[in-house]
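Q: Residue numbers (numbering that gives the first Met the number 0): 0 to 73. A virtual CB, placed ideally from N, CA and C, is assigned to each residue, including glycine.
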Amino acid sequence: MIVALRLKLRFSKVKIPVKLVASYYWTSSICPRFQTKAGRKFCVDPETTWVNGYIDKLDKRTVYSFFYTAIQGK
C-alpha cells in the first residue's frame, strides 16, 4: 500500500538550502513538507540523507528557541 502511494507522490528534486527552510510538517507518514521563509512549500523525500539532516537541524532550532524563550521569560 505504501509503495503504491509513494509512486503517486511527486517529491521536489531540488535540494533547498537549509538557511532558507523555516519549518517542516508531515502531510502523511511518507511526505514531510518543508516551508521556506518566503512561504513556498515543498514535498520532500524522507529517505534522502539531506532531508533527514534538515529535519534534525530544524528540530534543534525549535528546541533551542523554546528554551531560550522560557529562560527570557517571554
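#1: Quick one: is P31 buried, meaning 16 or more other Cβ sit within 10 Å of its Cβ, or exposed?
#2: According to DSSP, simplified to helix, strand and coil, what is K59?
#3: So, helix, strand or coil for V20, using DSSP?
#4: Any idea what DSSP makes of T47, helix, strand or coil?
#5: Looking at C-alpha atoms only, which residue of Y23, D44, K14 and R9 is the closest neighbour of T61?
#6: On the criterion of 16 or more Cβ atoms from any shown chain inside 10 Å, does V50 qualify as buried, or is it exposed?
A: In this structure, then:
#1: P31 comes out buried.
#2: In the structure shown, K59 sits in a helix (DSSP, three-state: H, G or I).
#3: V20 falls in the strand class under three-state DSSP.
#4: If DSSP states are grouped into helix, strand and coil, T47 belongs with coil.
#5: Looking at the Cα atoms, Y23 is the closest of the given residues.
#6: V50 sits buried, since 16 or more C-beta atoms from the chains shown fall within 10 Å of its C-beta.
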